[in-house]
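Protein chains in written order, with the working numbering: chain P, 200 to 354; chain F, 350 to 485.
Where a beta carbon is used, it is the ideal one built from N, C-alpha and C, also for glycine.
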């Protein structure tokens, strides 16, 4: 009996080690290219920092990977969030979005952070500094509204 | 034994009362829906009819679905800022096109509320037109 348990344990360890050879592609594209939000939008430094710290890991072409994100299966969970997050909203592609899509995203951004939907809860467990205070939520929302109005009025 | 019978009887009466209240409730819901009919959204009639049938259960003041109501409440439509209107209209077309709205759980219960292709087109043609006029 004891032997079986030992065997199962070895099996699991081996499985875990083998799993490490499988890693999803990393999201390590260039940052701040000409279509990036920071290049295209009217946005000040403090809001930039907030978005960069709290959103860019999943909503841009460049993720800052902490050490544990190299461990499978953590890497796969994170990768899933990055792929899905970028499909919904990719700040690196801001310049490619139509004006209507930009206005729409800006409105969704404020909604998503006000409802506490974003940043994702699972992400905040390990990225406490990405959590947004009421004050910072307001800051982002004010910016989103101003930028939306600016786009609306722009010819 | 007598006690049991009277117990069952009381329970029966409570159940009946419960059902009755429910009935009243659903009637109330209907009346609110009727008031929404008079809600002056300025939407074309055919669009409003679709929204009323398939969306208002969750996206109007009478809705008990807080998440849905928070995301979009047609009773508050006229108070939305222009940018919010554009954003919601843009999402609206996308969601019905992808078949994400009404939600699949809701459609299991009310399969006839699913939008057909023609209705989706009608909605998206309208959102595009509406957005363009808001962008002016």
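Candidates F:390, F:481, F:478 and F:458: which alpha carbon is nearest residue 423 of chain F's?
F:390
Is DSSP giving residue 227 of chain P helix, strand or coil here?
strand
Under a three-way DSSP split, which group does residue 258 of chain P fall into?
helix
Decide if the stretch 273–289 of chain P is in contact with the stretch 392–405 of chain F; the criterion is three or more beta carbon pairs, one per stretch, under 8 Å apart.
no
I want to know whether the stretch 342–349 of chain P touches the stretch 422–441 of chain F - three or more CB-CB distances under 8 Å.
yes
From P:204, P:239 and P:251, pick the residue whose C-alpha is nearest to that of residue 326 of chain P; which is it?
P:251
Should residue 342 of chain P be counted as a contact of ligand 1 given a C-beta to heavy atom distance under 7 Å?
Judged by which ligands are present, the structure shown has none, so any question about ligand 1 falls away.
Please report the distance separating the alpha-carbon of residue 246 of chain P from that of residue 328 of chain P.
Linking residue 246 of chain P to residue 328 of chain P through their CA atoms gives a straight-line distance of about 15 Å.
CB of residue 437 of chain F within 8 Å of CB of residue 421 of chain F, strictly
Yes, they are a contact pair.
Report the residue from F:466, F:408 and F:474 whose alpha carbon sits nearest the alpha carbon of residue 447 of chain F.
F:466
Measuring straight from C-alpha to C-alpha, what distance separates residue 482 of chain F and residue 458 of chain F?
36 Å
Determine whether the beta carbon atoms of residue 291 of chain P and residue 235 of chain P lie at a separation below 8 Å.
Note that the C-beta distance between residue 291 of chain P and residue 235 of chain P is below 8 Å.
Pick from P:285, P:241, P:273 and P:244: whose alpha carbon is nearest that of residue 261 of chain P?
P:285
Mind listing the chain P neighbours of residue 480 of chain F? Cutoff is C-beta to C-beta under 7 Å, in chain order.
Those within 7 Å of residue 480 of chain F in chain P are 299.
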